[in-house]
Amino acid sequence: MSVERERKIEAPVIECKAVHKKFLNLAGEEHVVIGDIDLQVKKNEFLVLFGPGQCGKTTMINLISGLLPATSGEITVNGKPVTGPGADRGVVYQTINLFPWLTTMGNVEYGPKIRGVGKEERQKKAQYYIDLVGLQGFEKAYPVKLSGGMKQRVGIARAYCNEPDVLLMDEPFGALDAQTRYMMQEEIEKIWQKEKRTVIFVTNNIEEALYLADRIVVLSNCPATIKAEYKIDLPRPRSYVDPEFLRLRKEITSIVDITK
Amino acid sequence: MTKKLFKDRDDFWRLICGIIAILGFLLIWHFGTNGTRLGEIMPGPIVILKSFFEAFTQKTAGYTIFGHTFWSLSRVLVGYSVACVLGISLGLLMGRYRLAEAIFRPFYEMIRPIPPIAWISLAILWFGLGETMAYFIIFLSAFNNITINVFMGTKSINQELVGCAKMLGANEAQVFRTVVIPATIPYIFAGMQIGISSSWAAVVAAEMVRSSKGLGFLIVSGMDINNISQIFVGILAIGIVGFLLATIMRGVEGKLCQWNVRGK
């Protein structure tokens with residue numbers, strides 16, 4: 000990694016200190032989902048949380064987004080503690096969650112609109128991000144008319160257009176077919192290269208993790224703790240068949256399998 | 000217009016079959032009532048159509064058929080409008096806020112199973128024989144249907160969308176305006192459609208009990224003076240207006256709910 004890049008990403012934007020989350024199950028028993036996670040994400044870093052199926056990755060995203068309170072520990076974004084949902088954190092969901100009654104434009108401009116940004120300004124900005132995700136020509140289409148991959152592009156543009164400090168992506172391509180998934184991985188890489196943001200990206204797909212990450216944090220199975228960390232210095236855009244890529248893939252996969 | 004009249008051959012044949020079936024029915028009706036015993040209690044289609052068109056210009060009890068329709072519609076308009084405003088508001092509040100549900104739902108559930116027509120006698124005693132009685136009955140019948148639909152719709156909102164709006168920076172008022180209301184619109188329209196049909200049924204019932212004008216009155220006075228054609232004219236007008244009201248509602252829904260598959 001170059002010195003210049005190192006300097007650019009040194010200040011921590013997201014900080015999780017001893018974050019712990021317990022749920023009560025139906026029988027009233029305590030169920031630890033997140034067990035003491037310490038995590039720092041630097042500015043403009045692309046961090047991938049990688050772990051097996053139900054290990055609590057989504058819970059981690061919900062805690063950082065503030066939709067769930069942590070049982071103990073503290074999460075801060077740019078030094079401010081997270082106490083609830085807020086526009087400083089943008090979320091891209093696996094279930095996509097577009098507003099079905101709004102067009103592509105309506106969805107992308109939603110954030111600026113409720114903040115009271117004037118029509119001309121917010122539509123210009125929305126148009127920029129719609130173009131960025133390659134959806135020009137579909138501004139007036141309702142989500143019901145779009146394919147899965149296109150819907151998720153709208154979801155990404157909507158999150159970007161609100162200009163959050165951090166982007167949280169919760170298995171955003173999990174619901175897409177394999178072909179579209181590869182395409183979207185390349186697409187999100189390009190978008191992020193062009194518009195650098197601090198990203199936490201959750202996935203259970205090792206290729207996806209290796210293709211996108213500056214750093215991979217491997218989580219153990221429930222309760223989730225940090226099992227290992229890998230700094231990925233491969234040049235971008237990466238190749239799925241690069242020998243180093245394949246070596247890392249094998250190594251990380253074996254760790255996860257042992258954890259299970 | 001470049002739009003094709005029929006989407007495919009099936010649509011065309013369905014239309015032809017429909018026309019043949021109705022013509023066949025009218026023919027059987029015509030010959031079944033022409034000079035037969037049935038004809039003594041049941042006029043033929045030609046007689047009824049003739050009286051129907053005569054009613055356009057001829058006055059019965061001071062009004063043409065348009066006058067009676069106007070009176071019935073104006074009663075529906077008042078009762079139904081109030082029911083829409085109150086029903087939609089109450090449904091949204093009960094669906095979104097637990098406190099509102101805890102307070103209002105028991106009352107609502109007590110009133111809901113009672114058929115609106117059961118209130119007619121009480122309404123006459125409370126409000127007298129004037130228009131208010133009819134407004135009240137129409138209000139009740141539309142209000143029940145609208146409230147329950149809006150309530151169920153608000154309850155069934157995808158909570159992830161609410162979370163999503165909050166993550167984009169929406170406060171509670173903005174969530175209500177930009178998520179709860181649009182998400183509930185298909186249910187609001189479903190309630191309003193059922194509501195307009197039940198209002199139309201209620202106005203006829205209310206007018207049949209006590210009134211001196213309106214389509215319900217036309218039917219009852221036809222019975223009192225043993226004028227079967229007049230009864231049929233009333234029924235025909237009720238059917239046509241009911242059909243038009245439902246069609247208009249569907250048209251408005253289709254325009255406003257383009258995003259929803261239900262609205263298609």
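Chain order of the listed sequences is A and B. Under numbering that gives the first Met the number 0, the residue at position 148 of the first sequence is numbered 147, and the numbers go up by one with no gaps. Under numbering that gives the first Met the number 0, the residue at position 72 of the second sequence is numbered 71, and the numbers go up by one with no gaps. We put the CB at the ideal spot given by N, CA and C, even for glycine.
Kindly indicate which three-state DSSP category residue i falls into: helix, strand or coil?
{"i": "Cys256 of chain B", "result": "coil"}
{"i": "His131 of chain B", "result": "Looking at the sequence itself, residue 131 of chain B is Thr, so the reference to His does not match. Three-state result, Thr131 of chain B: helix."}
{"i": "Arg8 of chain B", "result": "helix"}
{"i": "Gly117 of chain A", "result": "coil"}
{"i": "Met0 of chain B", "result": "With a pLDDT of only 44 at Met0 of chain B, under the threshold of 50, the placement of this residue in the model should not be trusted; the figure read from the coordinates follows. If DSSP states are grouped into helix, strand and coil, Met0 of chain B belongs with coil."}
{"i": "Tyr141 of chain A", "result": "coil"}
{"i": "Arg246 of chain A", "result": "helix"}
{"i": "Leu38 of chain A", "result": "strand"}
{"i": "Arg209 of chain B", "result": "coil"}
{"i": "Lys226 of chain A", "result": "strand"}
{"i": "Gly136 of chain A", "result": "coil"}
{"i": "Ile215 of chain A", "result": "strand"}
Spatial neighbours of residue i within its chain, please: C-beta separation below 8 Å, excluding the five flanking residues on both sides.
{"i": "Ile231 of chain A", "result": "Leu209, Ala212, Asp213, Arg214, Ile215, Leu247"}
{"i": "Met0 of chain B", "result": "Residue placement at Met0 of chain B cannot be trusted, given a pLDDT of 44 that sits under 50; the coordinates are not used to answer."}
{"i": "Pro222 of chain A", "result": "Val31, Val32, Ile33, Gly34, Gly55"}
{"i": "Ser238 of chain A", "result": "Phe244"}
{"i": "Pro84 of chain A", "result": "Ser64, Gly65, Leu66"}
{"i": "Cys256 of chain B", "result": "Ile184, Pro185, Phe188, Gly262"}
{"i": "Met196 of chain B", "result": "For clarity, residue 196 of chain B is Ser in the given sequence; the question names Met instead. Result list for Ser196 of chain B: Gly241, Leu244, Ala245, in chain order."}
Of all the CB atoms in chain B, is at least one closer than 8 Å to the CB of residue i?
{"i": "Val201 of chain A", "result": "no"}
{"i": "Asn77 of chain A", "result": "no"}
{"i": "Arg88 of chain A", "result": "yes"}
{"i": "Val12 of chain A", "result": "no"}
{"i": "Asn161 of chain A", "result": "yes"}
{"i": "Phe98 of chain A", "result": "yes"}
{"i": "Gly117 of chain A", "result": "no"}
Between the alpha carbons of residue i and residue j, how many angstroms are there, rounded?
{"i": "Thr246 of chain B", "j": "Leu26 of chain B", "result": "28 Å"}
{"i": "Phe216 of chain B", "j": "Leu22 of chain B", "result": "30 Å"}
{"i": "Tyr92 of chain A", "j": "Glu170 of chain A", "result": "7 Å"}
{"i": "Leu167 of chain A", "j": "Ser64 of chain A", "result": "8 Å"}
{"i": "Gly55 of chain A", "j": "Val255 of chain A", "result": "14 Å"}
{"i": "Val18 of chain A", "j": "Ala177 of chain A", "result": "34 Å"}
{"i": "Leu121 of chain B", "j": "Arg209 of chain B", "result": "13 Å"}
{"i": "Pro115 of chain B", "j": "Ser140 of chain B", "result": "5 Å"}
{"i": "Phe22 of chain A", "j": "Pro51 of chain A", "result": "19 Å"}
{"i": "Phe200 of chain A", "j": "Arg180 of chain A", "result": "14 Å"}
{"i": "Ile228 of chain B", "j": "Leu89 of chain B", "result": "Looking at the sequence shown, residue 228 of chain B is not Ile but Ser. Cα to Cα, Ser228 of chain B sits roughly 43 Å from Leu89 of chain B."}
{"i": "Met103 of chain B", "j": "Leu91 of chain B", "result": "Looking at the sequence itself, residue 103 of chain B is Phe, so the reference to Met does not match. Roughly 12 Å separates the two Cα atoms."}
{"i": "Lys189 of chain A", "j": "Pro99 of chain A", "result": "27 Å"}
{"i": "Val81 of chain A", "j": "Ser219 of chain A", "result": "24 Å"}
With distances taken from CA atoms, which of the options is nearest residue i?
{"i": "Gln39 of chain A", "options": "A:Ile190, A:Tyr159, A:Gly78", "result": "A:Gly78"}
{"i": "Val178 of chain B", "options": "A:Glu185, A:Ile155, A:Gly105", "result": "A:Gly105"}
{"i": "Thr224 of chain A", "options": "A:Ile13, A:Ala125, A:Ala174, A:Asp37", "result": "A:Asp37"}
{"i": "Ala158 of chain A", "options": "A:Ala174, A:Leu131, A:Gln135", "result": "A:Leu131"}
{"i": "Pro162 of chain A", "options": "A:Leu233, A:Lys195, A:Lys41, A:Lys189", "result": "Going by the sequence as given, residue 162 of chain A is Glu instead of Pro. Answer by Cα proximity: A:Lys195."}
{"i": "Glu171 of chain B", "options": "B:Thr68, B:Gly86, B:Tyr96", "result": "B:Tyr96"}
{"i": "His67 of chain B", "options": "B:Thr153, B:Val202, B:Gly250, B:Gly168", "result": "B:Val202"}
{"i": "Phe150 of chain B", "options": "B:Val174, B:Glu108, B:Cys163, B:Gly162", "result": "B:Glu108"}
{"i": "Ser50 of chain B", "options": "B:Gly38, B:Glu39, B:Thr63, B:Ile40", "result": "B:Thr63"}
{"i": "Gly72 of chain A", "options": "A:Gln53, A:Arg114, A:Lys20", "result": "A:Lys20"}
Is the shortest distance between the beta-carbon of residue i and the beta-carbons of chain A less than 8 Å?
{"i": "Gly94 of chain B", "result": "no"}
{"i": "Gly38 of chain B", "result": "no"}
{"i": "Glu159 of chain B", "result": "yes"}
{"i": "Met166 of chain B", "result": "yes"}
{"i": "Gly253 of chain B", "result": "no"}
{"i": "Pro264 of chain B", "result": "The displayed coordinates of chain B run from 0 to 263. Any statement about residue 264 of chain B would go beyond what the structure contains."}
{"i": "Trp258 of chain B", "result": "yes"}
{"i": "Pro181 of chain B", "result": "yes"}
Closer than 6 Å by C-beta to residue i: which residues in its own chain qualify, once you throw out the five before and the five after it? Chain order, please.
{"i": "Val219 of chain B", "result": "Met207"}
{"i": "Tyr134 of chain B", "result": "Val77, Gly78"}
{"i": "Glu100 of chain B", "result": "Met93"}
{"i": "Trp70 of chain B", "result": "Lys212, Gly213"}
Near residue i, what residues of its chain come up, given a Cβ to Cβ distance below 7 Å and the 5 sequence neighbours on each side ignored?
{"i": "Lys112 of chain A", "result": "Arg121"}
{"i": "Phe126 of chain B", "result": "Met132, Phe135"}
{"i": "Thr146 of chain B", "result": "Gly86, Leu89, Gly90, Tyr107"}
{"i": "Thr153 of chain B", "result": "Gly90, Leu91, Gly94, Arg95, Val179, Thr183"}
{"i": "Ile230 of chain B", "result": "Ile218, Gly221, Met222"}
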